[in-house]
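Engineer: The following block contains the structure, expressed as structure tokens.
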Amino acid sequence: MTRKSWDNIEIKRALERAGWTLTGLAEFKGLNPNNFRAVWSRTNRPAQEAIAEVLGERVEDLFPKRYPIRKSRILSIENEQAIASQKAMRSSDRVAA
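In our numbering, the protein residues as written are 6 to 102.
What follows is the structure in structure tokens.
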């Protein structure tokens, strides 16, 4: 049941179809219900994870603007070459001094 985008109304309706309210889910998870009410306007990872868990979706799929898919943090070859050239410049500066 993966979709391209979910809006707030779809998420709330899906929760209601599953038999949950935001307050009921907050109480079940032991979280503050006020945090669940603000989930539409602010990032709150525990509340959003609870909603995603109940709906069987990933947090990134339900709230893509708040949790963008990030690229790998592994350095690319271009970055390694730039770092190597900077180190080479520092070495030559030391020799000249």
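Virtual Cβ for every residue (Gly too), placed ideally from N, Cα, C.
In this text the structure is predicted, and so the values were computed from the model without any measurement.
Taking the alpha carbon of residue 27 as the point to measure from, which residue in 69, 70, 64, 53 has its own alpha carbon closest?
Structural biologist: The shortest C-alpha separation from residue 27 is found at 53.
Engineer: Along the alpha helix (DSSP H) that carries residue 41, what are the first and last residues, could you check?
Structural biologist: First-last of the alpha helix (DSSP H) with residue 41: 38-42.
Engineer: Between 13, 31, 12, which lies nearest to residue 55 when the distance is taken from Cα to Cα?
Structural biologist: Minimum Cα distance to residue 55 is reached at 31.
Engineer: To the nearest angstrom, how far is the alpha carbon of residue 71 from that of residue 46?
Structural biologist: The alpha-carbon atoms of residue 71 and residue 46 are separated by roughly 10 Å.
Engineer: Excluding the five sequence neighbours on either side, which residues of its own chain have a C-beta within less than 8 Å of the C-beta of residue 20, listed in chain order?
Structural biologist: Contacts found: 26, 27, 30, 56, 59, 60.
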